[in-house]
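K.L.:
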Amino acid sequence: MTMNAIAVEGERLVLRPIPAPRPGPLDVRIQVAATAVNRADLHQRAGRYPPPPGASPILGLECAGTVIEVGAEVRGVQEGDRVAALLAGGGYAEQVVCPASHLLPVPDALPTTLAAALPEALCTAFLNLAIEGQLKPDERVLLHAGASGVGTIALQLLRAWGNPAWVTVGSPAKVQACLALGARGGSDRHAGPWLADVLEFSGGRGVDVILDPVGGPYLADNQRALATLGRLVLIGLLGGRSGELDLGRLLVKRQRVVGSVLRSRSDEEKASLIARIRAEVWPLCVEGTVRPLIDHQLPLTEAERAHARIASNETIGKVVLIVDPDQC
Numbered sequence: 014m015t016m017n018a019i020a021v022e023g024e025r026l027v028l029r030p031i032p033a034p035r036p037g038p039l040d041v042r043i044q045v046a047a048t049a050v051n052r053a054d055l056h057q058r059a060g061r062y063p064p065p066p067g068a069s070p071i072l073g074l075e076c077a078g079t080v081i082e083v084g085a086e087v088r089g090v091q092e093g094d095r096v097a098a099l100l101a102g103g104g105y106a107e108q109v110v111c112p113a114s115h116l117l118p119v120p121d122a123l124p125t126t127l128a129a130a131l132p133e134a135l136c137t138a139f140l141n142l143a144i145e146g147q148l149k150p151d152e153r154v155l156l157h158a159g160a161s162g163v164g165t166i167a168l169q170l171l172r173a174w175g176n177p178a179w180v181t182v183g184s185p186a187k188v189q190a191c192l193a194l195g196a197r198g199g200s201d202r203h204a205g206p207w208l209a210d211v212l213e214f215s216g217g218r219g220v221d222v223i224l225d226p227v228g229g230p231y232l233a234d235n236q237r238a239l240a241t242l243g244r245l246v247l248i249g250l251l252g253g254r255s256g257e258l259d260l261g262r263l264l265v266k267r268q269r270v271v272g273s274v275l276r277s278r279s280d281e282e283k284a285s286l287i288a289r290i291r292a293e294v295w296p297l298c299v300e301g302t303v304r305p306l307i308d309h310q311l312p313l314t315e316a317e318r319a320h321a322r323i324a325s326n327e328t329i330g331k332v333v334l335i336v337d338p339d340q341c
């Protein structure tokens, strides 16, 4: 049995027939309706972010669709269920296999295209704010890349939780989009330094949690922007691997710097995260309090164009790829 999937051939993304995956005893096989593009896909395509051992080499870290086969030891999931899935790879394909414990149920009220854009951003935002960042009520948050897929979901979670947030973004339009999602304010990084804005926002004391996908060049100012007992959660290295860290400030202010990656975590860790997501924040998605922003929606055959859109840094929210229009 074969299926169509996107293959990386040199510098091109090409739709090719390949063998369909088979589920193990604790897995399900999903007929994919839609997937979403993440910047990690661009890094994997360029050879800078290989999939974890045992994961599908096909691009794609999330999807939504219909369960078409259930492993012998799976309980609580049936063929025909509409689901969204957090994947270690394989989303740019007509079918994908993943552990049943990595699924989120998709009710009729939640459109498939929106469901496909939720798992990676929602899990990343919740993991790094609530768990790694140990966010408490009323604490202030700084989100870098606030108009990204993760940033726009994080802003909606923070609004629901009552945590004030400031963002840094790449244009005035992105600032306005973030304000509409609940940000108290934002800095356009092209207009000048953002540190003074953040300190003013926090009344001079600094913020309690920073979510940062940039890395290197932001490290020193991130530390200056952190309050006493503040937590910097590093989730990416878009700006580079190296930066200046003031160890004296780290000690005196008892700050913490946490590195966090979702994809390489064990199946058990992801299952535990998904269980918390289902219990604590999935109801917000179902009722519409938290919804992904869709910047572009394209057919799977236009994956190349979707990657170019992400690489342009002009997106607000997510880019979705439609795999099966009949399911969307």
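Quick note on the numbering used here: the sequence shown kicks off at 14 and runs consecutively.
The beta-carbon is built from N, C-alpha and C at its ideal position, and this holds for glycine as well.
Quick caveat, the model's predicted, so the values are computed rather than measured.
Report yes if the C-beta distance between Ala324 and Leu26 is below 8 Å; otherwise report no.
P.N.:
No; because the gap between Cβ atoms is not below 8 Å, this pair is not in contact.
K.L.:
Can the beta-carbon of Val45 be found closer than 8 Å to that of Gln108?
P.N.:
Taking 8 Å as the Cβ cut-off, Val45 and Gln108 qualify as a contacting pair.
K.L.:
Looking at the structure shown, is Trp295 part of a helix, part of a strand, or coil, going by DSSP?
P.N.:
The answer is helix: DSSP assigns Trp295 an H, G or I state.
K.L.:
From Ala59 to Gly216, what does the alpha carbon distance come to, in whole angstroms?
P.N.:
In a straight line, the C-alpha of Ala59 is about 42 Å away from that of Gly216.
K.L.:
Kindly indicate which residue of Gln310, Gly159 and Glu22 has the alpha-carbon position closest to the one of Gly184.
P.N.:
Rather than Gly, the amino acid found at residue 184 in this sequence is Ser. Nearest option by C-alpha distance: Gly159.
K.L.:
To which residues does DSSP link Gln147 through a beta bridge?
P.N.:
None, per the DSSP bridge assignment.
K.L.:
Just verifying my parser: in three-state terms, what is the DSSP assignment at Arg318?
P.N.:
Helix.
K.L.:
Can Gly73 and Ala113 be called in contact, C-beta distance under 8 Å?
P.N.:
Taking 8 Å as the Cβ cut-off, Gly73 and Ala113 do not qualify as a contacting pair.
K.L.:
Strictly under 8 Å for the Cβ-Cβ distance: is Asp121 near chain C by that measure?
P.N.:
Within the model displayed, chain C is absent; a lone protein chain is all it includes.
K.L.:
For Val294, tell me which candidate among Leu39, Ile81 and Trp174 has the shortest Cα-Cα distance.
P.N.:
Considering only alpha carbons, the answer is Trp174.
K.L.:
Taking the straight line between their C-alpha atoms, what separation do you get for Pro150 and Glu22?
P.N.:
About 48 Å.
K.L.:
Please say whether Val299 and Leu365 have beta carbons closer to each other than 8 Å?
P.N.:
No information on residue 365 is available, as it lies outside the stretch 14 to 341 that the chain covers here.
K.L.:
Please work out which residues of its chain come closer than 7 Å, Cβ to Cβ, to Thr48, disregarding the five sequence neighbours upstream and downstream, and give them in chain order.
P.N.:
Around Thr48: Gly73, Glu75, Cys76, Gly104, Tyr105, Ala129, Leu334 and Val336.
K.L.:
When you compare the segment 186 to 194 with the segment 221 to 232, are there three or more beta-carbon pairs, one atom per stretch, that lie closer than 8 Å?
P.N.:
The segment 186 to 194 vs the segment 221 to 232: no contact.
K.L.:
I'd like to confirm the pairing. Which residues does DSSP put opposite Asn17 in its beta bridges?
P.N.:
According to DSSP, which records beta bridges pairwise, Asn17 is partnered with Pro30.
K.L.:
Do the segment 239 to 250 and the segment 267 to 282 meet, that is, are 3 or more Cβ pairs less than 8 Å apart?
P.N.:
Yes, the segment 239 to 250 touches the segment 267 to 282.
K.L.:
On the premise that Gly261 lies in contact with Leu239, defined as a C-beta separation below 8 Å, what is that separation, rounded to the nearest angstrom?
P.N.:
14 Å between Cβ atoms; not a contact.
K.L.:
For the putative contact between Gly195 and Leu168, defined by C-beta atoms under 8 Å, what is the C-beta separation to the nearest angstrom?
P.N.:
Going by Cβ atoms, the distance from Gly195 to Leu168 rounds to 5 Å, so yes, they are a contact pair.
K.L.:
Out of Cys111, Arg237 and Gly102, state which residue places its alpha-carbon closest to the alpha-carbon of Val96.
P.N.:
Ranking Cys111, Arg237 and Gly102 by Cα distance to Val96 puts Cys111 first.
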